[in-house]
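Written below as structure tokens is the structure these notes are about.
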Amino acid sequence: MSIIDQQSPRTIQNYMIWRFMMSRALNMPKRFRNIVQQYNSVFYGTTGSQRRPIICANYVNKMMGLAVSKIYINKYFDKDIRKEITEMSDNIRNVFIKMINQTVWMDSKSKSATIEKVRVMKEKIGYPDYLENDDVMKLEKDYADYNFSSSFISNVLSLLQLHSKQGLRILRDPVDSNDWTDLLPTDINAEHRRSLNEIVFPAAFLHTPMFDKDAPRYLNYGGVGFVVGHEITHGFDSKGLEHDMNGNKIPWWTTATIAAFGERKKCIIEQYNNYTLNQINRQLNGKRTQNENIADNAGLKQAFFAYQQWTKTH
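So the mapping is simple: my numbering equals the position in the sequence shown, first residue as 1, plus 137.
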């Protein structure tokens, strides 16, 4: 007998209402937020709560991120930075190709496929191009169904319903690889998207300390350059090698190269297994973190050699 079968309808209803209240409490009036704050204080030892303007601003950015992004890039982002990052990315990509050509454990077929994959790897830098234009027709189309009232919680519920419908439409609509979906221009992060074979660097990420157009070039290569190399490498780690140049999840390395890669990544795993976090007396799990460790090591090499190449022509 399941747990649900052992409960009364009233208990189940109360549980469902409680779960809803907990998930939406930050969007509700203060008396409800206070209940959650007291709950968190008891169970998690937290004190205080986030200021209401911050909560509302974060929510608007989450639900209408591209509209907020247009305001952000117009006010805070130097559009010339995109050109500099593109140049840096091209240099790092070329270094990656050179490193692959020098690799002794890959056979020629796998090398050729790897080089082709990195050459066609798409990059999204800063923001989608249409946000740079004065024409806001695409934004108006994207948000045409958004209607608001004076009640914040009513707006939240309306947007949840709208986003659910938009999510279901994805099942029928063709995929637009140019869409910014997982990351917004206002996100401070970067990522590699295996299913699309692309790397993404939002505008908000391309600021100090990661990048500064007035800083020495070696600092920028050590900041954003390292991250570019890191994200490129994710296309060829244990997860990345499962996806071909078009993002399809099919084998594209030879069996021999996959086996050779498996042997070599043991070195990384064993190296990181030997690191201990003394503050908590806990040893790292090299197997669990192997993909990040591989990307870190390869990304650092790419950035360093790309900077060396840059110094030869500047």
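Every residue gets a Cβ at the ideal spot worked out from N, C-alpha and C, and that includes glycine. From a predicted model like this one, the values you see are computed outputs, not experimental measurements.
Exposure label - residue i; buried when at least 16 CB within 10 Å
i: Pro166; result: exposed
i: Leu333; result: buried
i: Lys261; result: buried
i: Pro339; result: buried
i: Ile336; result: buried
i: Asn357; result: buried
i: Pro311; result: exposed
i: Lys403; result: exposed
i: Tyr444; result: buried
i: Phe180; result: exposed
i: Gln416; result: exposed
i: Asn430; result: buried
i: Ala341; result: buried
i: Leu308; result: exposed
Alpha-carbon spacing of residue i relative to residue j, whole angstroms
i: Gln408; j: Met236; result: 22 Å
i: Gln174; j: Ile325; result: 27 Å
i: Ile229; j: Lys278; result: 37 Å
i: Asn177; j: Asn164; result: 16 Å
i: Gly384; j: Arg331; result: 6 Å
i: Arg401; j: Asn428; result: 13 Å
i: Arg306; j: Leu299; result: 11 Å
i: Arg170; j: Phe289; result: 14 Å
i: Asp316; j: Lys350; result: 27 Å
i: Leu296; j: Ser160; result: 15 Å
i: His344; j: Ser301; result: 33 Å
i: Tyr283; j: Arg168; result: 28 Å
i: Thr323; j: Tyr209; result: 7 Å
i: Phe398; j: Trp242; result: 8 Å
i: Val257; j: Asp381; result: 11 Å
i: Lys220; j: Glu269; result: 14 Å
i: Phe157; j: Glu379; result: 38 Å
i: Leu321; j: Ser249; result: 33 Å
Among the options, nearest to residue i - alpha-carbon criterion
i: Ala396; options: Lys386, Asn411, Ser375; result: Ser375
i: Tyr264; options: Asn177, Gly202, Leu356, Leu378; result: Gly202
i: Met225; options: Leu421, Leu378, Gly362, Met382; result: Gly362
i: Asp215; options: Lys246, Phe348, Phe441; result: Phe348
i: Ser245; options: Trp390, Phe442, Gly436; result: Trp390
Check: residue i C-beta below 7 Å from any heavy atom of the ligand COA
i: Val364; result: Annotation note on the ligand COA: not contained in the displayed structure, which lists no ligands.
Residue(s) in a DSSP beta bridge with residue i
i: Gln420; result: Thr413
*Complete runs of the beta strand (DSSP E) confined to the segment 198-267 [at least 3 residues]*: Listed in chain order, the complete beta strand (DSSP E) runs (minimum 3 residues) inside the segment 198-267 are 259-263.
*Report the residue ranges of all beta strand (DSSP E) runs contained in full by the segment 310-354; include only those spanning at least 3 residues, in chain order.*
Taking only runs of at least 3 residues, the beta strand (DSSP E) segments lying wholly in the segment 310-354 are 328-330, 335-339.
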